[in-house]
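Worksheet: the structure to be examined is printed underneath.
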Amino acid sequence: MATRGLTPMAMAVWSILSGGAVIALFLLFFSRVSQAQTFSFPFQQPEKCNPNHYFDISVLSCVPCGANQRQDARGTSCVCLPGFQMISSNGSPAIICKKCPEDRKGVTKDGWNCISCPHGLTAEGKCYCPAGHILVERNVSGMLLSEATCELCDEKEDSFTVPNALGNRCIRCEPTFINTSKSCACSEPNILTGGLCFSNTGNFPPCRISTTRYGELGMSLTSEWFAKYLQSSAVACRMYANLTSCQVLGNMCVMNMNSYDSATCDACRLFQFIFENTASLSPVHSISFWRQNLPWLFYGDQLGLAPQILTTTPLPTNFSFKGENQNTKLKFVAASYDIRGNFLKWQTLEGGILQLCPDTETRLNAAYSFGTTYQQNCEISISKILTDFPTPIFYDVYLEYTDENQHQYIWAVPVLNLNLQHNKRFVNQDSSSGMWLLTRRIFLVDAVSGRENDLGSQPKVIRIATQISLSINLVPNTKNGNIYPPLITIAYRDIDIKDPKSQSVEVSFSVKYEMNQGEAHVQTDIALGVLGGLAVLAALLKTAAWKRRIGSPMIDLQTVMKFLVYYAGDLANVFFIITVGTGLYWLIFFKAQTSVSVLLPMTVQEERFVTYVGCAFALKALQFLHKLVSQTTIDIFFIDWERPKGKVLKAVEGEGGVRSATVPVSIWRTYFVANEWNEIQTVRKINSLFQVLTVLFFLEVVGFKNLALMDLSSSLSRSPRSYIAPDSRILRYAVSAALWLVIGIIQIVFFAVFYERFIEDKIRQFVDLCTMSNISVFLLSHRCFGYYIHGRSVHGHSDTNMEEMNMNLKREAENLCSQRGLVPNTDGQTFQIAISSQMRQHYDRIHETLMRKNGPARLLTSSASTFEHSIRAYHTMNKFLGSFIDHVHKEMDYFIKDKLLLERILGMEFMEPMEKSIFYNDESYSFSSVLYYGNEATLLIFDLLFFCVVDLACQNFVLAAFLTYLQQEIFRFIRNTAGQKNLASKTLVDQRFLI
0 MATRGLTPMA MAVWSILSGG AVIALFLLFF SRVSQAQTFS FPFQQPEKCN PNHYFDISVL
60 SCVPCGANQR QDARGTSCVC LPGFQMISSN GSPAIICKKC PEDRKGVTKD GWNCISCPHG
120 LTAEGKCYCP AGHILVERNV SGMLLSEATC ELCDEKEDSF TVPNALGNRC IRCEPTFINT
180 SKSCACSEPN ILTGGLCFSN TGNFPPCRIS TTRYGELGMS LTSEWFAKYL QSSAVACRMY
240 ANLTSCQVLG NMCVMNMNSY DSATCDACRL FQFIFENTAS LSPVHSISFW RQNLPWLFYG
300 DQLGLAPQIL TTTPLPTNFS FKGENQNTKL KFVAASYDIR GNFLKWQTLE GGILQLCPDT
360 ETRLNAAYSF GTTYQQNCEI SISKILTDFP TPIFYDVYLE YTDENQHQYI WAVPVLNLNL
420 QHNKRFVNQD SSSGMWLLTR RIFLVDAVSG RENDLGSQPK VIRIATQISL SINLVPNTKN
480 GNIYPPLITI AYRDIDIKDP KSQSVEVSFS VKYEMNQGEA HVQTDIALGV LGGLAVLAAL
540 LKTAAWKRRI GSPMIDLQTV MKFLVYYAGD LANVFFIITV GTGLYWLIFF KAQTSVSVLL
600 PMTVQEERFV TYVGCAFALK ALQFLHKLVS QTTIDIFFID WERPKGKVLK AVEGEGGVRS
660 ATVPVSIWRT YFVANEWNEI QTVRKINSLF QVLTVLFFLE VVGFKNLALM DLSSSLSRSP
720 RSYIAPDSRI LRYAVSAALW LVIGIIQIVF FAVFYERFIE DKIRQFVDLC TMSNISVFLL
780 SHRCFGYYIH GRSVHGHSDT NMEEMNMNLK REAENLCSQR GLVPNTDGQT FQIAISSQMR
840 QHYDRIHETL MRKNGPARLL TSSASTFEHS IRAYHTMNKF LGSFIDHVHK EMDYFIKDKL
900 LLERILGMEF MEPMEKSIFY NDESYSFSSV LYYGNEATLL IFDLLFFCVV DLACQNFVLA
960 AFLTYLQQEI FRFIRNTAGQ KNLASKTLVD QRFLI
């Protein structure tokens with residue numbers, strides 16, 4: 000408004016000056032702010048402030064006190080110096096002090112007034128009173144006296160008073176003093192211990208030991224806590240039935256690991272002495288181990304008592320997962336006591352009361368969800384433990400339940416303390432439960448008994464419950480979810496304190512469920528025995544069939560080895576059936592049950608199952624390798640039926656002339672058929688990559704892996720905030736095996752029903768190719784047994800041009816020519832053949848020449864001559880097999896028949912080819928048994944077992960899938976390479992043409 004009367008020129012100048020001022024102020028402020036943004040200041044601590052300074056918590060620095068002031072005990076405020084009274088204080092560190100006059104040099108205890116002190120002053124400037132007196136500064140109405148007085152507490156009978164700890168009141172002295180000495184003094188010969196006074200005669204425990212033993216560290220120390228309170232609590236408990244003293248004595252026994260030694264008078268020996276000398280008192284709640292006025296610490300020391308307590312009487316309650324009477328919560332409650340024997344409260348164990356590892360409340364409470372196997376592990380700093388547990392809290396654990404009449408009861412939960420020693424023996428570490436001594440009370444951390452000389456000092460040793468395990472045992476053959484009393488197994492570890500900040504300890508908490516697996520083992524053994532016997536019979540039949548097919552009646556070492564190999568394959572199937580059946584049984588009956596009747600085997604109990612899986616894999620691997628070797632060592636020959644079409648003039652090398660010769664038959668048809676045979680060697684009915692990826696998709700993405708968790712949920716998805724139970728190896732195997740089998744079977748069905756019928760059938764296409772190429776396949780998988788594919792063209796020749804080829808196909812489609820079968824007017828082109836020994840011997844003679852292993856070819860030095868000799872041997876073999884098929888050799892003739900049904904079922908031939916060979920009609924193309932195609936079941940089970948074994952070892956489905964696919968490709972490569980070499984060596988086909 001001040002510029003309203005200015006001229007336009009003046010207004011412009013004013014605007015420029017104003018803008019410049021704003022910019023200048025902004026730059027000045029910014030520079031100051033930039034200079035102030037260092038974010039650092041001197042580091043000071045309260046204990047390092049000078050005596051006339053205090054630590055200001057708002058600025059985190061030492062600040063000077065006012066005049067006539069000094070630092071208080073905490074160091075965070077100021078107080079007046081001795082001889083000065085406080086005249087102003089509003090709760091802040093700033094106070095005002097004033098010097099007291101000469102006639103009133105003392106200061107009242109509250110610091111606000113000056114007072115005369117007849118008996119002198121203390122170092123703090125307060126009034127001093129002699130022992131047994133209390134200081135009185137005000138009258139009854141609170142008015143300040145002109146002079147303080149010291150009143151003597153009356154220690155005589157009818158009063159029995161002494162000053163309290165603050166010295167401002169007379170209180171009645173401790174009752175034990177009055178009862179023992181009829182005064183407030185505990186003079187000899189009476190005994191003063193733990194602030195109590197006792198007579199040295201009468202019902203006094205025989206001895207005391209204040210030494211605490213730490214067996215793990217091999218050391219013992221004199222505990223200040225035990226030295227102060229062990230004797231007094233024992234005497235007060237024994238002589239006066241003092242409830243808190245009895246609890247303190249019981250706590251000391253528990254702190255000493257409930258260990259008992261008849262030759263040592265420690266806390267547990269004193270407790271036992273009192274227990275034995277109070278037999279006349281009635282038991283609590285009719286429990287003989289629980290004596291009136293005493294805590295319940297032991298179940299007794301009789302041998303064989305533990306199994307009776309744990310497996311005799313089931314809890315009178317049921318657990319069910321579904322339905323109206325659903326009950327899935329283990330309601331544990333605990334009566335808690337402090338170290339001084341005071342009852343604190345009843346509290347549930349939910350919220351991590353017994354779990355030292357921090358976690359969310361949801362995950363902590365999952366430990367008490369029935370049927371959920373729980374495992375929690377962590378590493379905790381010793382400094383944190385000392386901060387969180389300065390004194391131990393003791394727990395008596397119970398299981399709360401409701402009976403049929405809806406009345407609430409609690410059942411005492413026994414404790415198996417693995418550190419307990421009975422007469423210097425760790426009886427609870429014995430494998431036999433009959434030797435165990437069960438107890439009741441537990442604690443988590445004891446940082447008190449390890450303190451020497453001063454209870455306010457840092458403990459030299461602390462004792463920590465590093466392993467707590469809760470075991471739930473199902474009643475055998477129950478149908479209603481009955482369980483035996485739970486058992487808490489606890490193990491303590493002694494830590495020698497050196498540097499708490501750098502020391503740490505690993506702790507664990509677990510809940511496990513178990514049931515008697517004896518019946519399941521018996522049933523498994525029965526199944527294994529029956530199926531194992533059938534496997535022996537199957538192996539014997541296969542061995543007998545193999546003996547017939549090799550034409551050897553003798554039982555030799557080779558026969559025994561062959562039987563063992565066959566038996567290994569059949570036994571692998573037995574183990575596979577048993578493991579898959581067992582896994583599916585646990586998966587279905589555990590996850591789908593309403594009332595609890597079965598519980599999953601524990602990790603230790605799974606070892607037998609894992610062993611069976613390992614046996615199945617090892618035996619199946621042996622069977623697979625045997626088949627691989629068998630397939631790559633077969634005898635195979637391609638019979639070329641093509642005949643020359645005429646003669647041509649051919650120059651004669653070295654003679655300078657020409658002569659007529661037959662037109663050579665093209666070898667490309669043979670190469671083409673051989674290459675196609677090489678391609679179908681590893682053709683399978685399933686796609687390996689699709690199989691692996693689909694199984695992995697359902698396990699990891701869809702969430703089927705969650706069915707393997709050791710809890711009762713059947714959900715495929717889990718919240719990240721919820722507790723994830725550990726995996727059961729049995730359920731993990733069952734889920735992965737079931738998925739692998741289902742997806743594999745679906746692929747096989749799809750391949751057989753749809754793909755082969757409407758898209759591509761490579762096996763039948765190979766037979767058609769043989770016919771189009773005018774080439775037959777003579778294949779021997781055994782010495783006297785094999786397969787024959789009749790590929791002779793019905794048109795006489797196939798090495799022709801496109802026009803003639805199309806005409807031939809058209810005539811065949813219109814049935815204008817004969818059928819393709821070996822037998823006239825039939826379509827049968829594939830046969831199983833059992834050849835006679837004479838036929839095999841003749842075949843071997845030609846074959847040896849073809850392989851250039853003996854005969855004249857060995858004497859030739861020229862490689863060209865050797866090759867020519869092999870070519871002649873090849874033509875000889877081609878001519879011989881062609882003439883054999885054409886019945887030219889009457890001494891080596893054959894006949895064709897159908898196999899009997901029983902022969903097909905048993906996989907063997909009843910007739911032996913003595914004089915004539917036998918051709919069995921084979922419409923099922925069983926020559927695929929020398930290929931991957933005909934062994935899909937073996938390959939599928941082998942891949943499945945490989946996947947499961949890797950997963951059981953690594954607990955990782957992704958890694959198992961990768962390694963499974965990798966081994967498939969490796970063995971596929973090995974099979975192709977070995978097959979190519981065998982094919983090239985047996986048929987003279989150059990391996991370079993086999994793609």
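For the sequence shown, numbering that gives the first Met the number 0 begins at 0 and goes up steadily by one. Glycine included, every Cβ here is placed at the ideal spot set by N, Cα and C. The structure presented is a predicted model; accordingly, all values stated were derived computationally and were not measured.
- Here ILE273 is buried: its Cβ has 16 or more other Cβ atoms, across all protein chains shown, within 10 Å.
- In this structure TYR408 is exposed. Its beta-carbon is surrounded by fewer than 16 other beta-carbon atoms within 10 angstroms.
- DSSP, read as helix, strand or coil, puts VAL793 in coil.
- Nearest to PHE926 by alpha-carbon distance, out of SER551, PHE830 and ILE463, is PHE830.
- Your pair HIS625 and VAL564 checks out as a contact, with CB atoms roughly 5 Å apart and the cut at 8 Å.
- By the criterion of at least three beta-carbon pairs nearer than 8 Å, the stretch 458 to 472 is not in contact with the stretch 295 to 302.
- Beyond the five residues adjoining it in sequence on each side, SER281 comes within less than 8 Å, by CB distance, of GLN291 in the same chain, given in chain order.
- Note: MET85 is bridge-paired with CYS96 in the DSSP secondary-structure output.
- Uninterrupted alpha helix (DSSP H) stretches at least 4 residues long and entirely within the stretch 550 to 606 occur at 556 to 591, given in chain order.
- In this structure, DSSP gives ARG720 a state outside helix and strand, which the three-state scheme calls coil.
- For MET218, the pairing in a beta bridge is given by DSSP as TYR213.
- Beta-bridge partners assigned by DSSP to GLU399: LYS330 and ILE409.
- The beta-bridge partner set that DSSP reports for TRP345 consists of ALA334.
- The residue from PRO552, ASP639 and ASN515 with its alpha-carbon nearest to that of VAL603 is ASN515.
- Residue GLN307 holds the alpha-carbon nearest to the alpha-carbon of PRO484 among LYS546, THR211 and GLN307.
- Only buried fits ILE685, as 16 or more other CB atoms lie within 10 angstroms of its CB.
- Inter-residue distance for ASP843 and ALA543 is about 24 Å (C-alpha atoms, whole angstroms).
- Between the beta-carbon of ASP265 and that of ASN255 there is about 6 Å, and that keeps the pair under the 8 Å contact cut.
- Judged by beta-carbon spacing, SER775 lies within the 7 Å limit of HIS789, meaning their Cβ atoms are closer than that value.
- The alpha-carbon of SER923 is positioned some 40 Å away from that of LEU706.
- Taking each of ASN163, GLU187, PRO162 and SER198 in turn and checking the Cα distance to ASN178, the smallest one comes out for SER198.
- Of all alpha-carbon atoms in LYS227, PRO45 and VAL628, the one lying nearest the alpha-carbon of ASP71 is that of PRO45.
- Spatial neighbours of PHE784 in its own chain (CB-CB distance under 6 Å, excluding positions within 5 residues in sequence) are listed in chain order as ARG548 and ALA833.
- In the displayed model, ARG290 falls within a strand according to three-state DSSP.
- Cβ contact annotation for ALA305 (same chain, cutoff 6 Å, sequence separation greater than five): SER432, TRP435 and LEU437, in chain order.
- By the C-beta density criterion, PRO162 is buried, having at least 16 other C-beta atoms within 10 angstroms.
- Ranked by Cα distance from SER219, the first of LYS459, ALA333, THR277 and PHE288 is LYS459.
- SER279 sits exposed, since fewer than 16 C-beta atoms from the chains shown fall within 10 Å of its C-beta.
- Per DSSP, LEU740 is one residue of the alpha helix (DSSP H) stretching across 728 to 749.
- Pairing ASN51 with ARG73 gives a Cβ-Cβ distance that is not under 7 Å.
- The three-state secondary structure of GLY528, taken from DSSP, is helix.
- Of all C-beta pairs linking the stretch 349 to 368 to the stretch 407 to 421, fewer than three are shorter than 8 Å, placing the two stretches out of contact.
- Taking a contact to require three or more Cβ pairs closer than 8 Å, the stretch 331 to 345 and the stretch 673 to 681 do not qualify as touching.
- For ILE95 against GLY65, the beta-carbon gap comes to about 7 Å, under 8 Å, which counts as contact.
- GLN230 sits away from THR175, with the two beta carbons spaced by 7 Å or more.
- In the DSSP annotation of this structure, the continuous segment of the beta strand (DSSP E) that includes PHE784 starts and ends at 784 to 788.
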